[in-house]
Each structure stands twice: as C-alpha cells, then as structure tokens.
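Residue numbers in the sequence shown follow our numbering, run continuously in steps of one, and reach 307 at the last position. Beta carbons are placed, not taken as given, at the ideal position from N, Cα and C, and that holds for glycine.
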Amino acid sequence: MKRLPLSIILLILFLAFFFNLERLDLGEQALVNIHTPVYILTTIVVTFTVMLSPLRQAKYPLAVGFWLLVYFGSRIYLFNTGPWWGGLDTYITLIEVTMLCCGIALAQWLGRNLDDFEKAVENITFAEIKRASNLKDAVESINNEIYRSRRYNHPLTMIMVEPLKGSQEMILNQSVREVQESMISRYVSISLARALREYIRRTDMLVEQPDKGRFIVITPETGKVESERVVDKIFEAASSIGAEVAVGMCAFPDDALTLEDMLSRAELDLAESEINKQITGSANDETSHGAK
C-alpha cells in the first residue's frame, strides 16, 4: 500500500513542476514558453486517465500514441500556435511531449494503484462471503443447458435480478461519499448473492453480471409459469437482507432461442419491472402524503 501515497505525491509534484516550469527561467528572457492548449490537454489527460478504467489499464505505448495524436492534431488543426519544429520551437515541442508522456505514466500508475487498493479493501471486507460465478465464465455452462433443453425439448427459464438503488440508502459523510457508495453497492450485491444461494434450488445456476450490478438465475427443466415460485424465493431472499429488487424473465424456447437473445429479452423485461416499481412507489408516496 506504500505505492498509493507515493504515486499521489509524485503526481502532485509533477503537476506543480509542470505548471511552474516557465518560472524557472533564470535569464531575463523567457526561454520556455509552453503553449496554453498544452496545459489544458495535460490536465485533461491526467484527469481522464485516473478516472476512466480503460485509459489507466491501457498499455502505455498505446496511451502515449493516442494522446500524442490528440496533441499534434490540436496544435495543427485547432490552435494556431505557430511552428512546432525548428530553432527554439524544437526544444519547446520536445519539452511539451516529454511532460505529456510523464503525465500519462504517473496518472496510469496512480490509477492502477487505486484499483489495487480497491480490490484489497474488497477482499478484506468480503473475504468470507461467497460470490456468484461471473457471466463471462459461465457462458459455456449456460449454452450447454440451452443445448440440452433444445435437444430433449425441455423448458428453461432465465431470471434477471437487480437490486434497486433506493434500497441502498445510507447517511454518508461527504468526504467519503463515493467510496462508501461503491462499498455499499458491492456489499448489497454480495449479500444478495449469498441470500439467493440459500433460497434458490440446488439445480438452479446463479451467475453475476458485475459490470451491471445484477444476477442471473438459470432454472433448467422449468417453464415460465413454474419459475414464478423461484421468483417468489428471490423476493424472499432480497427481503431477508432488507433489499428491494426488480426481476426480469425470459423462457426458452417460447421467448428466445439463444443466450444472447435470452439476455436481451430478460433485460427488457427487467427494465419494465423497474419502471412499474417506480410508478408504484410514486403512487404510494402520493397516497401517504394525501393521507397526512
């Protein structure tokens, strides 16, 4: 964990040095005159690289190549900053490119250290809680179930479950709001996975879509009507941890024939369920206010 504070300090020192580089001229004439768009671009590069996972996880040469294209493109086509090669302009361009590359490297290092810190906290906090399988890892198993259902003409149902954000409310301190919200959301998801394991049948398959914060229950040998019992168990599992969920369903072969189509159909049904719950919640709020 020593790398995280070190990377923060180095990035701060780099930015302080970069934005005060022109003040280091010892002579009367300013030799280093970095163009204003470069300051703006460097700020954007550092901010977006730290905040966006694809940028901080990208390979360094690719990231440098992308941002250098943006740098030269902006200098040539967007901002008329004069010549960028020849005489003193050569050294200024080299300084700007060097500063940009250093900013990318330090921002990526800080972003990756933040990812490692988040994973470490998650592993420590949720070490004893079993997770559901990731959907990407379970695709082959689900396709095998679909193939078996198609071959033997047996029903199969997909149930998509997503915790509603309204059930994750908590009083949060402003300074740590984002961290707490992320941890609360993850805790609710993992607690829901544990509850679902306890309430669904042993023959059912539970997988997770972590990027969307939802779970998928595959119920072999079960039609849409019979799956209503499983849905009741899902609501019971959510209620046991004080969470509220929306549920979407898709049946094979009535609604879809492939895994991709089943996911799309279940997602549409899930969206309709969320809208209905929002309408019901708004109506209940109006009724309670009217009663008061």
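Query, Result
"Which partner residues of Leu211 appear in the DSSP bridge assignment?", "Answer is none; Leu211 lacks a bridge partner."
"Enumerate in chain order the residues of its own chain whose CB-to-CB distance from Ala252 is below 8 angstroms, with the five nearest sequence positions on each side excluded.", "Leu207, Ala210, Leu211, Glu213, Tyr214 and Ile215"
"What residues match up with Ser148 in a beta bridge as DSSP calls it?", "Val222"
"Label Gln123 either buried or exposed according to how many other C-beta atoms from any shown protein chain fall within 10 Å of its C-beta, with 16 as the threshold for buried.", "buried"
"Just the C-alpha distance for Leu109 and Glu133, rounded to the nearest angstrom, thanks.", "36 angstroms"
"I'd like to confirm something about Cys116: is its beta-carbon nearer than 7 angstroms to some heavy atom of the ligand PLP, or not?", "As far as ligands go, the structure on display features none, and thus does not contain the ligand PLP."
"Report the rounded CA-to-CA distance for Asn168 versus Thr273, giving the unit in angstroms.", "14 angstroms"
"Can you tell me where the beta strand (DSSP E) holding Val234 begins and where it ends?", "The displayed chain sequence assigns Thr, not Val, to residue 234. Unbroken beta strand (DSSP E) run through Thr234: Arg229 to Pro235."
"Measure the alpha-carbon distance for Tyr86 versus Leu278 and round it to whole angstroms.", "41 angstroms"
"Hey, how far is the Cα of Met114 from the Cα of Asp131?", "26 angstroms"
"Does the structure place the region 146-158 close enough to the region 76-95 that three or more beta carbon pairs sit under 8 angstroms?", "no"
"Please report the Cβ distance between Pro235 and Glu160, rounded to the nearest whole angstrom; I am assuming they are in contact, meaning their Cβ atoms lie under 8 angstroms.", "5 angstroms"
"Taking only the alpha-carbon atoms, compute the straight-line gap between Ile144 and Asn291 and give it to the nearest angstrom.", "Confidence in Ile144 is poor, its pLDDT being 49 and thus under 50, which makes the residue's placement unreliable; the coordinate value appears in the next sentence. So the alpha carbons of these two residues sit roughly 32 angstroms apart."
"Specify the secondary structure class of Ile249 as computed by DSSP and reduced to three states.", "helix"
"When you compare only the Cα positions, how much space is there between Arg217 and Val245?", "12 angstroms"
"Do Arg71 and Arg127 come within 8 angstroms of each other at the CB atom, strictly closer than that value?", "yes"
"In whole angstroms, give me the CA-to-CA distance for Ile233 and Lys239.", "11 angstroms"
"Does the beta-carbon of Pro76 have 16 or more other beta-carbons within 10 angstroms, so that it is buried, or is it exposed?", "exposed"
"Can you name the residues that DSSP bridges to Gly263?", "Met175"
"Could you tell me how far apart the beta carbons of Cys265 and Ala281 are, in whole angstroms, since I believe they sit closer than 8 angstroms?", "4 angstroms"
"Which one of Val222, Phe29, Ser156 and Pro170 has the shortest CA to CA distance from Thr58?", "Phe29"
"Could you give the uninterrupted runs of the beta strand (DSSP E) lying entirely in the region 77-126, keeping only those of 3 residues or more?", "none"
"Under three-state DSSP, which class holds Asn35?", "coil"
"Go ahead and label Phe32 buried or exposed: buried means 16 or more other beta carbons lie within 10 angstroms of its beta carbon, across all protein chains shown.", "exposed"
"Buried or exposed, going by whether 16 or more other CB atoms sit within 10 Å of the CB of Met66?", "exposed"
"Give me the Cα-Cα distance between Ile157 and Phe250, rounded to the nearest whole angstrom.", "23 angstroms"
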